[in-house]
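Numbering that gives the first Met the number 0 applies: residue 0 is where the first sequence begins, and numbers increase by one. The structure appears below as structure tokens.
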Amino acid sequence: MSFADLGLIPELLKAVEDAGYSDPTPIQSQAIPVVLEGRDVMGGAQTGTGKTAGFTLPLLNKISRWASTSTSPARHPVRALILTPTRELAVQVHEAVQTYAKYLPIRTVCLYGGVDIRPQIEDLRRGVEVVVATPGRLLDHIEQRSITLGQVEIVVLDEADRMLDMGFIPDIRRILALLPKQRQSLLFSATFSEEIKRLADTMLRDPQLIEVAKRNTVSETITHRVYPVAAAVKKQLLVWLLREAEGGDQVLVFVSTKIECGRLSRHLQREGIAADAIHGDKSQMQRTEALEGFKSGAIRVLVATDVAARGLDIDDLPYVVNYELPGTAEDYIHRIGRTGRAGKHGNAVSLVSPDEHQKLAAIEKLIKLKIPQHTVPGFDADASPDSAYRVVRNQGADRRAASASRSASPSAPRSTSAPRPARSTVAPDGFDFSRPYVAKEALNESESSAAESAQPDSPRSARESRPVAFLLGGRGR
DNA sequence: AAAAAAT
0 MSFADLGLIP ELLKAVEDAG YSDPTPIQSQ AIPVVLEGRD VMGGAQTGTG KTAGFTLPLL
60 NKISRWASTS TSPARHPVRA LILTPTRELA VQVHEAVQTY AKYLPIRTVC LYGGVDIRPQ
120 IEDLRRGVEV VVATPGRLLD HIEQRSITLG QVEIVVLDEA DRMLDMGFIP DIRRILALLP
180 KQRQSLLFSA TFSEEIKRLA DTMLRDPQLI EVAKRNTVSE TITHRVYPVA AAVKKQLLVW
240 LLREAEGGDQ VLVFVSTKIE CGRLSRHLQR EGIAADAIHG DKSQMQRTEA LEGFKSGAIR
300 VLVATDVAAR GLDIDDLPYV VNYELPGTAE DYIHRIGRTG RAGKHGNAVS LVSPDEHQKL
360 AAIEKLIKLK IPQHTVPGFD ADASPDSAYR VVRNQGADRR AASASRSASP SAPRSTSAPR
420 PARSTVAPDG FDFSRPYVAK EALNESESSA AESAQPDSPR SARESRPVAF LLGGRGR
């Protein structure tokens, strides 16, 4: 199956080829023909499955059919509207739209808050066919009458469950009410709650259900690991883990609050780690800078609230760390979905203090997976800052006593300038990281065939899971 | 319970 078989026009095929894609992903080969046919779609797809191209390509294909080459704004009514829950996601989707529309006479704009509205109004005045927007700023434009939605042919609701969580549904309904009744609607959601189904009932007509990944499941290319740790030494454990994963590996660290987000990021910076923070109280400029810095590699550790939990596509992100477990088990799925994307191997590491074990149990129940636990001496659930310091200091002494050629214990949390010890393949808790390892320990029956193929000894998983580096796991050298 | 989003 190739993109050419899906009935896309040459201009789009060329753009897809330029982007370096040859074969459609499962959701793309399912969604593209259905959308081209004009049917409504209820899509259940995790991000990283090629969902964005799955709706963007057929959307552009349809719009292109009568694409106006006129320079008159009046000939460029808004014909497609894509709504996303966060600004960063809007930017990302808009980039995809631009990528695929490059050989088409189609104008696009991205509308979101936190930035000057005037350039957006200018773009709208000149005329655009495709609008990607967050709900708040779009409503702003609607009230200012800088946009008319009376000729929209296709509307896409991306990450609908997130929109629901964020209380956007009333806004969405207001926006939908302004669209023509005769239109095509696509709704994508990682999870299907009763509320999402109700929204779908009012928004979609005879939708085709497209589901690639099973709901509430996590990618098999992700290795999960839990570190039980006392809250008092969590910060030190994180620094220690980050140091051990050194070698340029990037880490996205999730926290529960904006306050902790800034605090932890500053702490890491003081420890000499290239870190930045992204959360909703930062200016849009700071948010964009942080994300760009992370994507470019200038930032090694991005500390984030759940603003970054969904949809964000960061190439080759090897690690996600839950510094604090998310409030809901579903958020765990979204957060760790930032790694292990597009078939690549990823690591989900969670630092769990005793007060978080309820949450951990809920997560394990939802993902039907018992996550292996590992403890680091000095950083276990009963550790105090003092005991942690003693253990680390002793490890340092052992190391100094040991021969230089032997692999040694990890460096102390605060020794920024100490020489780096050789990388060990056996953790202090005795876990052998030199063996390829895939976490698949407690699957339910319906997934047993998938589990089969993910067993450590099978050729497929041996290929997918590289020998694991120290502690954070994952990347072999 | 916190986060996100219009100013």
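Glycine residues also receive a C-beta, built at the ideal position from the N, C-alpha and C atoms. Since the structure is predicted, the reported quantities are computational estimates derived from the model, not experimental observations.
In this structure the segment 216-226 lies against the segment 332-340, because at least three pairs of beta carbons, one per stretch, are closer than 8 Å. Under the three-state reduction of DSSP, R224 is assigned to strand. Looking at the DSSP output, Y318 bridges to V250 and N346. If you compare the alpha carbons of R309, H278, H373 and D4 with that of G113, the shortest gap goes to H278.
Distance between L251 and H373, taken at the CA atoms: about 20 Å. For E291, the three-state secondary structure derived from DSSP is helix. Between the alpha carbons of A308 and L123 lies a gap of roughly 30 Å. Here I174 is not bridged, per DSSP, to any residue. If you look at G53, you'll find it in the alpha helix (DSSP H) that goes K50 to S63. Among the bridge pairs identified by DSSP, M165 is matched with none. Here E210 is bridged, per DSSP, to G43.
Under the DSSP assignment, Q183 falls in the beta strand (DSSP E) whose first and last residues are Q183 to S188. Shown here for L5: same chain residues with a beta carbon closer than 7 Å to its own, the five before and five after excluded, namely P23, S28, I31 and P32 in chain order. Between A230 and E243, the alpha-carbon positions lie close to 20 Å from each other. Taking all protein chains in view, the Cβ of P104 is surrounded by fewer than 16 other Cβ atoms within 10 Å, so the residue is classified as exposed. A distance of 8 Å or more separates the beta carbons of L267 and L350. When rounded, the separation of the alpha-carbon atoms in L324 and Y331 is 7 Å. Sixteen is the threshold: when 16 or more other Cβ atoms of the shown chains lie within 10 Å of the Cβ of T48, as they do, the residue is buried. Separation of the CB atoms of V92 and D157 is rounded to 7 Å, and the pair is thereby assigned contact status at 8 Å.
For R38, the CB contacts under 6 Å within the same chain, skipping 5 residues up- and downstream, are Q207 in chain order.
Residue pairing by DSSP places V129 opposite A79 and T107 in a beta bridge. Here A360 carries a helix assignment [DSSP, helix/strand/coil]. Per DSSP, A297 is not a residue of any alpha helix (DSSP H), being assigned neither H nor E. Non-local C-beta neighbours of R78 in its own chain, meaning closer than 8 Å and more than five positions away in sequence, comprise I62, E128, V129, Q150, V151, E152 and I153, ordered along the chain. Pairing L186 with L163 gives a Cβ-Cβ distance that is not under 8 Å. Within the same chain, Cβ atoms closer than 8 Å to the Cβ of T304 are found at F253, V254, S255, T256, K257, C260, I277, H278 and G279, the five residues on either side in sequence being excluded. When C-alpha distances from I366 are compared across A328, S352 and D139, the shortest belongs to A328. Per DSSP, the continuous alpha helix (DSSP H) segment holding A89 begins and ends at R86 to Y99.
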